[in-house]
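S.K.: In this text, residue positions in the sequence shown follow this note's numbering: the first is 166, and each later residue adds one.
Think of the CB as a built atom: it goes at the ideal place given N, C-alpha and C, for glycine as much as any other residue.
I have a structure I would like to understand better, so I am pasting it below and will then ask my questions one at a time.
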Amino acid sequence: MLTIQEKLANLPTTPGVYIMKDENGRVIYVGKAVNLRNRVRQYFQNSDMTPKTRLMVSKIKDFDYIVTDTEVEALILECNLIKEYRPKYNVLLRDDKNYQYIKITNEMFPRLVTTRKVEKDGAKYFGPYVKGYSVRQTIELLKSLFMLRTCKKKFPEQLGRGRPCLNFYIERCLGVCKGDVSEEEYQGLVEKAIKVLNGRGEEIVEDLKKKMFEYADKLMFEKAQEIKNKITSLEQIITKQKVIYADDRSEDVINYASDSSNICIVVFIIRNGKLINKEEFVLKNDEQIFERFLEQYYSDVVSVPKEIVIPHLVENCGSVEEMIEKLYGFRTKIVVPKQGDKKQLLEMAKKNAEILLVNKQKVENYYTEALLHLKNMLNISHEIEKIESYDISNLAGSDNVGTLVVFEDGRFNKDFYRKFKIKSFEGQDDIRSVKEVLMRRFASPEKHGRLPDLILIDGGQNQVNAAVEVLKSLGLSIPVAGMVKDDRHRTRDLIYNGQEMGIQKDALVFKLISAIQEETHRFAVKYHRELRKKHLYESILDEIEGIGEKRKLKLFRVFGSIDNLRKASIEEIVKAADIPYDVAMKIKEKIGI
Numbered sequence: 166m167l168t169i170q171e172k173l174a175n176l177p178t179t180p181g182v183y184i185m186k187d188e189n190g191r192v193i194y195v196g197k198a199v200n201l202r203n204r205v206r207q208y209f210q211n212s213d214m215t216p217k218t219r220l221m222v223s224k225i226k227d228f229d230y231i232v233t234d235t236e237v238e239a240l241i242l243e244c245n246l247i248k249e250y251r252p253k254y255n256v257l258l259r260d261d262k263n264y265q266y267i268k269i270t271n272e273m274f275p276r277l278v279t280t281r282k283v284e285k286d287g288a289k290y291f292g293p294y295v296k297g298y299s300v301r302q303t304i305e306l307l308k309s310l311f312m313l314r315t316c317k318k319k320f321p322e323q324l325g326r327g328r329p330c331l332n333f334y335i336e337r338c339l340g341v342c343k344g345d346v347s348e349e350e351y352q353g354l355v356e357k358a359i360k361v362l363n364g365r366g367e368e369i370v371e372d373l374k375k376k377m378f379e380y381a382d383k384l385m386f387e388k389a390q391e392i393k394n395k396i397t398s399l400e401q402i403i404t405k406q407k408v409i410y411a412d413d414r415s416e417d418v419i420n421y422a423s424d425s426s427n428i429c430i431v432v433f434i435i436r437n438g439k440l441i442n443k444e445e446f447v448l449k450n451d452e453q454i455f456e457r458f459l460e461q462y463y464s465d466v467v468s469v470p471k472e473i474v475i476p477h478l479v480e481n482c483g484s485v486e487e488m489i490e491k492l493y494g495f496r497t498k499i500v501v502p503k504q505g506d507k508k509q510l511l512e513m514a515k516k517n518a519e520i521l522l523v524n525k526q527k528v529e530n531y532y533t534e535a536l537l538h539l540k541n542m543l544n545i546s547h548e549i550e551k552i553e554s555y556d557i558s559n560l561a562g563s564d565n566v567g568t569l570v571v572f573e574d575g576r577f578n579k580d581f582y583r584k585f586k587i588k589s590f591e592g593q594d595d596i597r598s599v600k601e602v603l604m605r606r607f608a609s610p611e612k613h614g615r616l617p618d619l620i621l622i623d624g625g626q627n628q629v630n631a632a633v634e635v636l637k638s639l640g641l642s643i644p645v646a647g648m649v650k651d652d653r654h655r656t657r658d659l660i661y662n663g664q665e666m667g668i669q670k671d672a673l674v675f676k677l678i679s680a681i682q683e684e685t686h687r688f689a690v691k692y693h694r695e696l697r698k699k700h701l702y703e704s705i706l707d708e709i710e711g712i713g714e715k716r717k718l719k720l721f722r723v724f725g726s727i728d729n730l731r732k733a734s735i736e737e738i739v740k741a742a743d744i745p746y747d748v749a750m751k752i753k754e755k756i757g758i
């Protein structure tokens, strides 16, 4: 796990959105950037900040980011994520109804209009546009190029009646109201406008360039300049906004990047037309790994869309669709797009996966060197490939737990993380807890993978002695070191063979140990909190008729606490947790409305 400073060094210089998180992994701020590297670095290098920003920065313990192709895409994605996470330090952005769209109406001689509301009326919608002048600029350009009408005349009733408006005389409309323009001719121009709004207007650009050069050859430079201005505006429109659809579709867009060792998979989660989240997975590359990922990912997710977009067909597409139908009760379609919005989103997902892969390669090189330094510092003869790290967590002696975190082959291997409830006694005793946890782990080695090359204990000499005692009783000889913290609960030193090693804070070993200690502590605290929340749910929700384990778990995932559940309306509980109305009413009656 890289430190914030190391992650800053690996940031790309592309547009995108950055997501700041606190020590519990909660999103506390979402922002956009034209240049991610420059913008995010400012938070950690600039001392001239407002008190609110300074307080927010002090809470940042990690960050994530999603790269986009344009600043506009980043702006829209920022809005989506803020509404999804409602971060503490963000000013909530305006609702979608404040965005403007360009609409081509569904009628005889379709009109070109603006709207803030997307309806299911058969019309075509393009956007959204976060700046009003972008809409006006686009419509003015399309009027100039294709002369589509914007008036509200009804056809065929008013066809051939009355005089055409000013737009006809200034060549901004064909004047279809005169009755001498065929529907076929007009529809051809509509299709060209649609092609431009869909970001596929390259042919039209080429035609305009030919006209521009013809005017220049004839020394008609004003006309040539006019055409050049249109080309510039047209090229801006062709820059497609990909992070939001003009409808309410929901889908997952999945792509990956790989090398001989690793595969990095990125999942874009799109709900109700908005890209609301990105999930990342770094796996060991293997034959058919992408196929197996699809099976495992969709066997246990909270939300499954009606469509899954992937870069190429795989053999198990049909079986994955059948599995989803069996598990979730509806059929999902797996598609491989050749062009359009879905294809462009796939390309954006791949770009994010490629960045993730490059960062993964840097991390592996870093950890390889750090492990070599650690081996030399501790004077261990064998290579250090697997480290097991242990921590004990409790609150005044209650919910006493131990946890195991595994660092293996240059990464945290969550497949072998383990949780231990202390069973042999009640109350607070870290030494006895360490002994119980290690005895249970090493007395049944077949459950926990191969033996570690090094054991780290979150604690001092007493905890190390307890671990060594257990290992000796089992006839095992594994190096054990203690991770000592300072007064601010941060890594200070390693204790090994009865001595503090005195690690320099800028050393690779210090960064490695700090990362392992932080991950170990995080996992222990997380497990301890889960137990406390579980006890709370057991004491209240188990008494409600109609609430079983599955519904209880879903309520926990959606609302997180009884307090949040109490604040939710009955309708919100029904919709968010898919619970019958009468059961939701019982919940509110039990916990208080």
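What does a CB cutoff of less than 6 Å around T280 pick up in its chain, not counting 5 residues either side in sequence?
M.R.: Here residue 280 corresponds to residue number 115 of the sequence shown, with the count starting at 1. These residues qualify, in order along the chain: Y266 and K268.
S.K.: Whole angstroms are fine: how far does the CA of K224 sit from the CA of P216?
M.R.: Within the sequence shown, numbered from 1, the residue matching residue 216 stands at position 51. Within the sequence shown, numbered from 1, the residue matching residue 224 stands at position 59. Taking the straight line from one Cα to the other gives about 13 Å.
S.K.: I'd like to know whether the C-beta atoms of I668 and I678 end up nearer to each other than 9 Å.
M.R.: Along the sequence shown, one-based indexing puts residue 668 at 503. Along the sequence shown, one-based indexing puts residue 678 at 513. Yes, Cβ-Cβ distance for I668 and I678 is below 9 Å.
S.K.: If you draw a straight line from the C-alpha of S398 to the C-alpha of L306, how long is it?
M.R.: In the sequence shown, residue 398 corresponds to position 233, counting from 1. In the sequence shown, residue 306 corresponds to position 141, counting from 1. Between S398 and L306, the C-alpha separation is close to 7 Å.
S.K.: Leaving aside the five residues before and after E249 along the sequence, list all residues of the same chain whose C-beta is less than 6 Å from its C-beta, in chain order.
M.R.: Residue mapping note: residue 249 aligns to position 84 of the sequence shown, counting from 1. So the qualifying residues of the chain are I441.
S.K.: Whole angstroms are fine: how far does the CA of L720 sit from the CA of D261?
M.R.: As a first step, residue 261 must be located in the sequence shown, where it is residue number 96. As a first step, residue 720 must be located in the sequence shown, where it is residue number 555. Residue placement at D261 cannot be trusted, given a pLDDT of 46 that sits under 50; the coordinates are not used to answer.
S.K.: Please work out which residues of its chain come closer than 7 Å, Cβ to Cβ, to E480, disregarding the five sequence neighbours upstream and downstream, and give them in chain order.
M.R.: For this step, residue 480 is matched to residue 315 along the sequence shown. Answer for E480: E456, listed in chain order.
S.K.: Any idea if L384 is buried or exposed, counting beta-carbon neighbours within 10 angstroms, 16 or more meaning buried?
M.R.: In the sequence shown, counting from the first residue as 1, residue 384 sits at position 219. That one is exposed.
S.K.: Go ahead and label D417 buried or exposed: buried means 16 or more other beta carbons lie within 10 angstroms of its beta carbon, across all protein chains shown.
M.R.: For the purposes of this step, residue 417 is identified with residue 252 of the sequence shown, where counting begins at 1. Buried: at least 16 other Cβ atoms inside 10 Å.
S.K.: Applying the 10 Å Cβ sphere with the 16-neighbour rule, what's the burial state of D580?
M.R.: Sequence index remark: in the sequence shown, residue 580 carries index 415 (1-based). Flag for D580 reads exposed.
S.K.: Who does P185 pair with in a DSSP beta bridge?
M.R.: Locating residue 185 in the sequence shown gives position 20, counting from the first residue. Residue identity check: residue 185 is Met in the sequence provided, not Pro. Y194 and F228, per the DSSP bridge assignment.
S.K.: Quick one: what's E445 bridged to in DSSP?
M.R.: As a first step, residue 445 is located in the sequence shown; it is residue number 280 there, counting from the start. DSSP, once it has assigned bridges, lists V431 as partnering E445.
S.K.: In its own chain, which residues sit with a C-beta less than 7 Å from the C-beta of N255, not counting the 5 before and 5 after it?
M.R.: Against the sequence shown, residue 255 aligns to sequence position 90. Here the set comprises Y194, V195 and I247.
S.K.: Return the CA-CA distance between I727 and E611, expressed in angstroms with no decimal places.
M.R.: If you number the sequence shown from 1, residue 727 lands on position 562. If you number the sequence shown from 1, residue 611 lands on position 446. Between I727 and E611, the C-alpha separation is close to 39 Å.
S.K.: Please specify which runs of the beta strand (DSSP E), each continuous and at least 3 residues long, are wholly inside the region 637-707, giving them in chain order.
M.R.: Runs found: 645-650 and 656-661.
S.K.: Considering only the alpha carbon of each residue, which of E534, Y555 and R687 lies closest to I549?
M.R.: Here residue 549 corresponds to residue number 384 of the sequence shown, with the count starting at 1. It is E534.
S.K.: If we count Cβ pairs, one from each stretch, closer than 8 Å, do we get three or more for the region 570-585 versus the region 704-715?
M.R.: No, the region 570-585 does not touch the region 704-715.
S.K.: In three-state terms, what does DSSP make of D382?
M.R.: Mapped onto the sequence shown, residue 382 falls at position 217. Helix.
S.K.: Select from L619, L511, D413 and V690 the residue whose C-alpha is nearest the C-alpha of V645.
M.R.: As a working mapping, residue 645 is identified with position 480 in the sequence shown. The residue with the shortest Cα to Cα distance from V645 is L619.
S.K.: Quick one: grab the DSSP three-state call for V346.
M.R.: For the purposes of this step, residue 346 is identified with residue 181 of the sequence shown, where counting begins at 1. Three-state DSSP puts V346 in coil, outside helix and strand.
S.K.: At what residue ranges does the region 515-576 contain a whole run of the beta strand (DSSP E), taking only runs of 3 or more?
M.R.: The qualifying runs are 551-560 and 563-573.
S.K.: Measuring alpha carbon to alpha carbon, tell me which residue in D227, V182, V199 and P180 is nearest R191.
M.R.: Within the sequence shown, the letter at position 26 stands for residue 191. Answer by Cα proximity: D227.
S.K.: So L521 packs on V466, CB below 8 Å; how close in whole Å?
M.R.: Stepping through the sequence shown from its first residue, residue 521 is reached at position 356. Stepping through the sequence shown from its first residue, residue 466 is reached at position 301. Wrong, their Cβ atoms sit about 20 Å apart, outside the cutoff.
S.K.: Pick out whichever of R657, A680 and G663 has its Cα sitting closest to the Cα of K670.
M.R.: Residue numbering aside, residue 670 sits at position 505 when the sequence shown is read from its first letter. The option with the nearest alpha carbon to K670 is R657.
S.K.: Please state the DSSP three-state secondary structure of I267.
M.R.: Locating residue 267 in the sequence shown gives position 102, where the first residue counts as 1. Three-state DSSP puts I267 in a strand.
S.K.: Under the assumption that N427 contacts A518 (Cβ atoms under 8 Å), give the Cβ distance between them as a whole number of angstroms.
M.R.: The residue given as residue 427 occupies position 262 in the sequence shown. The residue given as residue 518 occupies position 353 in the sequence shown. Not a contact, Cβ separation roughly 11 Å.
S.K.: Can you grab the Cα-Cα spacing for the pair Q170 / R687, in whole Å?
M.R.: As a first step, residue 170 must be located in the sequence shown, where it is residue number 5. As a first step, residue 687 must be located in the sequence shown, where it is residue number 522. Distance between the alpha carbons of Q170 and R687 is about 20 Å.
S.K.: Cutting at 7 Å between CB atoms, please list the residues of its own chain near V485, excluding the five before and the five after it.
M.R.: If you number the sequence shown from 1, residue 485 lands on position 320. Cβ neighbours of V485 beyond the five flanking positions: L459, E460, Y463 and I499.
S.K.: Please report the distance separating the alpha-carbon of L354 from that of A239.
M.R.: Here residue 354 corresponds to residue number 189 of the sequence shown, with the count starting at 1. Here residue 239 corresponds to residue number 74 of the sequence shown, with the count starting at 1. Each residue's Cα considered, the two are about 32 Å apart.
S.K.: Would N544 pass as a contact of K172 if the rule is Cβ separation under 9 Å?
M.R.: Walking along the sequence shown from the start, residue 544 turns up at place 379. Walking along the sequence shown from the start, residue 172 turns up at place 7. No, the Cβ-Cβ distance between N544 and K172 is not below 9 Å.
S.K.: Taking the alpha-carbon positions, what's the L331 to M312 distance?
M.R.: Within the sequence shown, numbered from 1, the residue matching residue 331 stands at position 166. Within the sequence shown, numbered from 1, the residue matching residue 312 stands at position 147. Going by the C-alpha atoms only, they are around 12 Å apart.
S.K.: What is the C-beta distance between E684 and K751, in whole angstroms, given that I count them as a contact (C-beta under 8 Å)?
M.R.: Within the sequence shown, residue 684 is the residue found at index 519, counting from 1. Within the sequence shown, residue 751 is the residue found at index 586, counting from 1. Actually they are not in contact, since the Cβ atoms of E684 and K751 sit about 40 Å apart, beyond 8 Å.
S.K.: Please report how far the alpha carbon of V437 lies from the alpha carbon of S415, in whole angstroms.
M.R.: Position 272 of the sequence shown, counted from the first residue, corresponds to residue 437. Position 250 of the sequence shown, counted from the first residue, corresponds to residue 415. The question names Val, yet the displayed sequence has Asn at residue 437. So the alpha carbons of these two residues sit roughly 5 Å apart.
S.K.: Which term fits P617, buried or exposed, when burial requires 16 or more other beta carbons within 10 angstroms of its beta carbon?
M.R.: The count along the sequence shown starts at 1 and reaches residue 617 at position 452. Per the 10 Å Cβ criterion, buried.
S.K.: Tell me whether I712 sits in a helix, a strand or coil according to DSSP, three-state version.
M.R.: On the sequence shown, residue 712 is found 547 positions in, with the first residue counted as 1. If DSSP states are grouped into helix, strand and coil, I712 belongs with coil.
S.K.: Should Y793 go down as buried or exposed, given a rule of 16 or more other Cβ atoms within 10 Å for buried?
M.R.: Because the chain spans 166 through 758 in this model, residue 793 falls outside it and cannot be assessed.
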